[in-house]
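**Q**
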Amino acid sequence: MDRLTLDLNLKHYLEENKDNFEQYLLNQAVNVKDKINDILRVGDIDLINNAHTLTHYIIDENTKDLSAFAKQEGIAWATFSLTLSFKLEWIQAIRRTLWIFIQKYNNDIQPISIDSFFELEKQINNQIDYFLNEFFINYSTYKDALISSQRKVVEALSVPIIPITPSICILPLIGSVDTFRTSILEEKVLTEIGRLHIQTLIMDLSGISEMETEVIDHLLKIIYGTSMMGCGTVITGLRPDVVRQMIQLGVKFDDDTKTFATLQQALNEYLVK
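All residue numbers for the sequence shown refer to our numbering, where the first residue is 33 and numbers rise by one.
1. Measure from the alpha carbon of ASP140 to the alpha carbon of each residue in ASN49, LYS103, ASN69, GLY207, then state which is nearest.
2. CA-CA distance, ASP286 and VAL275?
3. When you compare each of ALA110, GLU121, GLU153, ASN138 to LYS67 by their alpha carbons, which one comes out closest?
4. Please tell me whether MET260 and GLY226 are closer than 8 angstroms, where the distance is taken between their beta carbons.
5. Would you call the CB atoms of ILE160 and ILE193 closer than 8 angstroms?
6. Report all residues from its chain with a CB closer than 6 angstroms to the CB of TYR171; omit the five preceding and five following residues, and keep chain order.
7. Just curious, the alpha helix (DSSP H) that THR228 is in, first and last residue?
8. According to the neighbour-count rule (16 or more other Cβ atoms, all chains shown, within 10 Å of its Cβ), is PHE150 buried or exposed?
9. Using three-state DSSP, classify GLY282 as helix, strand or coil.
10. Starting from PHE112 and walking both ways along the alpha helix (DSSP H), at which residues does that stretch end?
11. Would MET278 and ILE255 qualify as a contact pair, given that the criterion is a beta-carbon distance under 8 angstroms?
12. Does the stretch 79-92 come close enough to the stretch 34-49 that 3 or more CB-CB pairs lie under 8 angstroms?
13. Look at the Cβ atom of VAL266, then the Cβ atom of ALA298, and state whether they are nearer than 8 angstroms.
14. Just confirm the distance between the C-beta atoms of ALA102 and PHE163, as a whole number of angstroms; I'd bet it's less than 8 angstroms.
15. Might you give, ordered along the chain, the residues of its own chain that have their beta carbon closer than 8 angstroms to the beta carbon of LEU189, omitting 5 neighbours on each side?
16. Could you check what DSSP says for LEU189 in three-state terms: helix, strand or coil?
17. Provide the residue span of the alpha helix (DSSP H) that contains LYS67, from first to last.
18. Taking DSSP as the reference, what is the three-state secondary structure of THR197?
19. Under the assumption that ILE144 contacts ASN138 (Cβ atoms under 8 angstroms), give the Cβ distance between them as a whole number of angstroms.
20. Quick one: give me the first and last residue of the alpha helix (DSSP H) that GLY257 is part of.
21. Would you identify the three-state DSSP class for THR85, choosing helix, strand or coil?
22. Can you name, in chain order, every residue of its own chain whose Cβ lies under 8 angstroms from the Cβ of LEU79, other than the five neighbours on each side?
23. Quick one: what does DSSP say SER145 is sitting in, helix, strand or coil?
24. How big is the Cα-Cα spacing for PHE22 and THR223?
25. Determine, using beta carbons only, whether GLY264 and THR232 come nearer to each other than 8 angstroms.
26. Can you give the beta carbon distance from SER238 to LEU295, rounded, assuming they're within the 8 angstroms contact cut?
Below is the structure:
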């Protein structure tokens, strides 16, 4: 029997025993079988139907569609942050189940010659390994892109520079400010001053819940940098504990930096007048 005929016969045999194949597959995938409905609900991924699709591509040695399918699956699993160990267990369960049914075909339908068997073994295992490789490459690539995109959004939200006139902007800082955030702050502030031609930056610190000692020194350097770019800095809402830290460290703002107790006072000074 030539390989083409064998492949067609195997496909036909698997179709005839579809329900039995699924039962064997679920028994092989011990940890995944209880998660099938969750994965379908969260990611709209039908593991059972996908298993049949994958086996057809493998037996047909359809590398083009197999690659596209692996990319589709990799992106889907990355998008919905599905557990990779489940995917790996599922694919290995498909591999084992497929070989179980090839053995059944050999025993119950028609013996497979030694040469055909070794060719089939190479084809099936190579195709499954190729699928896994393509899946993980696409998963990693898309996941990295998602993380990068989300990080940019977080960075933008953590430094919200708000224009209120063509030359005046407000930078309200909220939450905890650490050294990582001040690094983002420095880059964003200097970039936006140049891009928006900001002449006055009102930096409101009233929403800061915690500030590391190193951050105060970094903040002073940012203020100095804005001054070098021709932008005046106005500080509002300094908390008493931050002021005490500055006094203990012996640091102070330069004479060009203005301070107000509240943001409202600064707005009255720069907008109302």
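Glycine is no exception: its CB is placed at the ideal position from the N, C-alpha and C atoms.
**A** Looking at the atomic coordinates:
1. ASN49
2. 15 angstroms
3. GLU121
4. no
5. no
6. GLY106, TRP109, ALA110
7. Checking the sequence, you will find Leu at residue 228 rather than Thr. 211-228 is the span of the alpha helix (DSSP H), which, as asked, contains LEU228.
8. exposed
9. coil
10. PHE112 -> no alpha helix (DSSP H), and no H or E assigned at all.
11. no
12. yes
13. yes
14. 5 angstroms
15. Residue placement at LEU189 is poorly supported in this model, since its pLDDT is 47, which falls under 50; the coordinates still yield a value, given next. For LEU189, where only same-chain residues beyond five positions count, there are no Cβ hits under 8 angstroms.
16. Model confidence at LEU189 stands at a pLDDT of 47, short of 50, so the residue's coordinates are unreliable and nothing is read from them.
17. Unbroken run through LYS67: none, as it is neither H nor E.
18. coil
19. 5 angstroms
20. 245-260
21. helix
22. VAL64, ILE68, ILE71, LEU72, TRP122
23. coil
24. Here the chain comprises residues numbered 33 to 305, so residue 22 is not present and cannot be evaluated.
25. yes
26. 7 angstroms
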